[in-house]
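Using the numbering used here, the letters of the sequence shown map in sequence onto residues 1 to 118.
Note sheet for the following structure.
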Amino acid sequence: MKTTLFTLLFACAALMLAAQTQPAAKTATIKIATSAKCGMCKKTMETSLPRYEGITTVSLDVPTKVLTVTYNPKSTTPEKIRKAVNKTGYDADGQPADPKARDRRKPCCRKDAAEHRD
Ligand SMILES: [Cu+2]
């Protein structure tokens, strides 16, 4: 009986220690307001952005133009991610798109294009 109790206590202590030493979350998530227009923009961002170091997943919600990015905080930062969005040709949280990159997008995907969703 005494041994069982001791084992139980030991197990508890080990569990607590394990919980304490668990590393911080490996991924973080940010939402970025973009100047995206349509499904083509979605495709462009979702295929281009994961090529940048530290970016894990990218998902654009076309109706709200909000880009959700999960990333490894050890490899990249929100600033770098916004820059990557700019280099893809889109504004990110009001930070303007790289002009050359923007001009590579189809006219319908540029910020001044008419609203459309196809
Ligand atoms: Cu587009």
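All C-beta atoms, glycine included, are put in the ideal place defined by N, C-alpha and C.
Given the structure is predicted, the values throughout are model-derived calculations rather than measurements.
Q: Look at the alpha carbon of Thr68 and the alpha carbon of Asp93, and state the distance between them as a whole number of angstroms.
A: 12 Å
Q) Cα-Cα, which of Thr29, Pro96, Asp61 is closest to Met40? A) Asp61
**Q.** Opening and closing residue of the alpha helix (DSSP H) in which Lys80 lies
**A.** 78 to 87
Q) Taking the Cβ atom as the reference point for each residue, do Ile55 and Ile81 lie within a distance shorter than 8 Å? A) yes
Q. Since Ala28 is in the beta strand (DSSP E), which residue starts that stretch and which ends it?
A. 28 to 33
(Q) For Tyr71, tell me which candidate among Tyr90, Gly89, Thr64, Arg51 has the shortest Cα-Cα distance. (A) Arg51
Q. What is the C-beta distance between Ala97 and Asp91, in whole angstroms, given that I count them as a contact (C-beta under 8 Å)?
A. 5 Å
Q: Take the Cβ of Arg102 as the centre, count every other Cβ of all protein chains shown within 10 Å, and call the residue buried at 16 or more, exposed below.
A: buried
Q: Ignore the nearest five residues each way along the sequence and tell me which others in Arg105's own chain have a CB closer than 6 Å to its CB.
A: Gly89
Q. Buried or exposed: where does Thr34 fall if 16 or more other Cβ atoms within 10 Å of its Cβ makes it buried?
A. buried
Q. Cβ-heavy atom distance between Lys111 and ligand 1 below 7 Å?
A. no
Q: Report the partner residues of Val62 according to the DSSP bridge assignment.
A: For Val62, which the question treats as bridged, DSSP gives no partner whatsoever.
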